[in-house]
Amino acid sequence: MSATIQTATATTGSATAHTAVAENVSVRSVVSTESQSQVSMENTQKMAALMGRLGTTHQQVDEYARRRTEQISEEVAAAISRIVADTSIQQQTLLADANVRSAAIEEEYKHKLQQYVEELDVVKAQNLSTLEKDLNLRQEMILEDARKRIDALNEEANRLKLGVLREAQAQANAQVEVITDQVAALSAEDASRLLTSTATTVITTEAKATGATHVEGASVVVGKTAETVHTSSSHSSSSSTTKH
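End of the sequence shown = 235 in the working numbering, gap-free, step of one.
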């Protein structure tokens, strides 16, 4: 069976004129062209067949693209699930590591804090010891000053007491002299009346003062005794008088 081939012919023509002038000479040329084209109808049928196949191919491409898209979507979803699971595992691992490191930091902080507290306790003990020594020294100075002031008061009191005792002793001596003179006068009178009498008069005067202070082991004792003896004798009798 022979195929019928239909053809279509198209003819086109064109002309071009060109003129060249050189001095007094002019040359004019005309160029004409004619082209003829033929299109075979067999090519048109092939084109129609190709267009039909192109529609089928487009559907096949769409189906392939749909299947590949679904496959890619499934693969992407699976990959995302794996990434999410891996991320969750990494987060759990990170959290566990953070807890371990946090516990280590906390333990180190407690240890350093304990060391710092111990160092502070040592410094505090040293400062308190220094303060105690300073307070003891100041207390000793205060007590020493108090002792000196008390000793000065005691010395002044003793001086005043000694002055009083000297004055009292002088008064006692004066009284003894007066009494002695009186006894001598009486003895002279007795001697004139009693020829054989003997009179012995002993007068003893004692003044004693004891001063005690608040300072332990400090005391003052001042004592003085004055004794006057007067004797007169006669042939009759004797008498003795003692005054304390």
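By construction, the Cβ of each residue, glycine as well, lies at the ideal position given by its N, Cα and C atoms.
Whole angstroms are fine: how far does the CA of glutamate 147 sit from the CA of aspartate 136? Translated into positions along the sequence shown, residue 136 becomes position 145. Translated into positions along the sequence shown, residue 147 becomes position 156. Aspartate 136 and glutamate 147: Cα-Cα distance of roughly 16 Å.
Length of the line joining the Cα atoms of valine 169 and glutamine 162: For this step, residue 169 is matched to residue 178 along the sequence shown. For this step, residue 162 is matched to residue 171 along the sequence shown. Their Cα atoms are separated by approximately 11 Å.
By how many angstroms is the C-alpha of alanine 116 removed from the C-alpha of glutamate 110? Walking along the sequence shown from the start, residue 110 turns up at place 119. Walking along the sequence shown from the start, residue 116 turns up at place 125. Roughly 10 Å separates the two Cα atoms.
If you draw a straight line from the C-alpha of glutamate 97 to the C-alpha of leucine 86, how long is it? Taking the first residue of the sequence shown as 1, we reach residue 97 at position 106. Taking the first residue of the sequence shown as 1, we reach residue 86 at position 95. Each residue's alpha carbon lies about 16 Å from the other.
Cα separation between valine 91 and valine 52? In the sequence shown, the residue the question calls residue 91 occupies position 100. In the sequence shown, the residue the question calls residue 52 occupies position 61. Each residue's Cα considered, the two are about 56 Å apart.
Nearest-angstrom Cα distance between glutamine 105 and aspartate 112? Residue 105 sits at position 114 when you count from the first residue of the sequence shown. Residue 112 sits at position 121 when you count from the first residue of the sequence shown. Distance between the alpha carbons of glutamine 105 and aspartate 112 is about 10 Å.
To the nearest angstrom, report how far apart asparagine 118 and glutamate 131 are at their CA atoms. As a working note, residue 118 is residue 127 in the sequence shown. As a working note, residue 131 is residue 140 in the sequence shown. Cα to Cα, asparagine 118 sits roughly 20 Å from glutamate 131.
For asparagine 127, does the count of other Cβ atoms within 10 angstroms reach 16, so buried, or fall short, so exposed? Residue 127 sits at position 136 when you count from the first residue of the sequence shown. That one is exposed.
For serine 93, is the classification buried or exposed, using 16 other Cβ atoms within 10 angstroms of its Cβ as the cut-off for buried? As a working mapping, residue 93 is identified with position 102 in the sequence shown. Looking at its Cβ environment, which holds fewer than 16 other Cβ atoms inside 10 Å, serine 93 is exposed.
Between isoleucine 80 and serine 120, what straight-line distance do the alpha-carbon atoms span, to the nearest angstrom? Along the sequence shown, one-based indexing puts residue 80 at 89. Along the sequence shown, one-based indexing puts residue 120 at 129. About 59 Å.
Can you give me the C-alpha to C-alpha distance between aspartate 142 and isoleucine 133, rounded to a whole angstrom? One-based indexing of the sequence shown puts residue 142 at position 151. One-based indexing of the sequence shown puts residue 133 at position 142. Straight-line Cα distance between these residues: approximately 14 Å.
Determine the direct distance from the alpha carbon of alanine 95 to that of serine 72, and round the result to whole angstroms. On the sequence shown, residue 72 is found 81 positions in, with the first residue counted as 1. On the sequence shown, residue 95 is found 104 positions in, with the first residue counted as 1. Straight-line Cα distance between these residues: approximately 34 Å.
Exposed or buried, serine 178, counting other C-beta atoms within 10 Å across all chains shown (16 or more means buried)? For the purposes of this step, residue 178 is identified with residue 187 of the sequence shown, where counting begins at 1. It is buried - the Cβ of serine 178 has at least 16 other Cβ atoms within 10 Å.
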